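Quick notes on the structure that follows.
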Amino acid sequence: MRVLHLLGTSLLFAASAVAQAPERSGGWRLSLGADALRFAGVARDTSAPPQAQASLRPNGRLGLHMALARSFGLWGAELEVGWAGGHASATNRVVAIEDKTAELSRIRVAPALSRRLMGVGNGEIALALGPTFDLWLVDGAQRSRVGAEARVALRVPVGSVELENRITAGLSSSPVIREDLQEGFALSGLRALAFGTGLRIRL
């Protein structure tokens, strides 16, 4: 629910800021960056007492991304690809265990429509919304998943490049399937939150 609330807040913020956003010059831009990713649980052991119930999730990790963007005044289109290698983790109220032998890595392709919301000094705040197409590598198996995400970015010019700091919230289907789990586990969708930074270069 926290991710859905963040997505809704982003949309309301976009609607209130549209009238305040001055246009900027168009053109192509290449961005490179990194994200600190956090995931909510995708499976919960309902057979254990509440205080001992374990939640399975992809571990928190560092992801890398590269994107090509084209702006048309206030609007823009983006295509981002990303890699986030990692493994599975299990947590309850007492302990957290990471299984580094259980691969749970993600390759992502994410097209998006973006909108400049407002200027901040020499920089800008922009919102991007779009679908996500993920390929998860799960102990040698490949699983395709579809979802959606929203990104809010602050971009500030630094010399000939732009420094971009961003927050991303997303929701997708789970990379874990019933056959991966013992009896008693309940599955849910995958919610993700990422804090990223990077550079944008005008082409």
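Those letters in the sequence shown? Residues 15 to 217, per my numbering, in order.
By construction, the Cβ of each residue, glycine as well, lies at the ideal position given by its N, Cα and C atoms.
On a predicted model such as this, the values are computed, not experimentally measured, just so you know.
Would you kindly work out how many angstroms separate the C-alpha atoms of residue i and residue j, rounded to a whole number?
i	j	result
Pro145	Val108	36 angstroms
Ala83	Glu178	13 angstroms
Ala140	Ser187	26 angstroms
His79	Ser85	19 angstroms
Ala102	Val190	10 angstroms
Gly203	Gly184	10 angstroms
Leu131	Leu70	37 angstroms
Thr182	Ala62	33 angstroms
Arg129	Arg52	25 angstroms
Val172	Ala68	45 angstroms
Gly40	Leu88	9 angstroms
Ala155	Ala124	21 angstroms
Glu112	Leu46	29 angstroms
Leu207	Lys114	22 angstroms
Trp42	Gly135	22 angstroms
Pro72	Pro64	21 angstroms
Determine, using beta carbons only, whether residue i and residue j come nearer to each other than 8 angstroms.
i	j	result
Glu117	Asp153	yes
Trp97	Gly77	yes
Ala200	Thr105	no
Arg122	Val160	no
Ala142	Ala126	yes
Thr211	Ala48	yes
Ala54	Arg205	yes
Ala50	Phe209	yes
Ser158	Leu149	yes
Arg180	Ala167	yes
Gly99	Ser119	yes
From what residue to what residue does the beta strand (DSSP E) around residue i run?
i	result
Ile215	Leu204 to Arg216
Leu201	Phe199 to Leu201
Mind reading off the beta-carbon distance from residue i to residue j? Whole number of angstroms is fine, and I expect it under 8 angstroms.
i	j	result
Leu213	Val175	5 angstroms
Gly137	Val170	4 angstroms
Leu44	Ile215	5 angstroms
Ala110	Leu195	Contact doesn't hold; Cβ gap of about 18 angstroms is too wide.
Quiz item: Whole beta strand (DSSP E) runs in the stretch 135 to 183 with 3 or more residues, listed along the chain?
Solution: If you keep only unbroken beta strand (DSSP E) runs of at least 3 residues inside the stretch 135 to 183, you get 137 to 152 and 155 to 172.
Practice problem: Note down, one range per segment and in chain order, each alpha helix (DSSP H) of at least 4 residues found wholly within the stretch 32 to 107. | Solution: With a minimum length of 4 residues, no continuous alpha helix (DSSP H) run stays inside the stretch 32 to 107.
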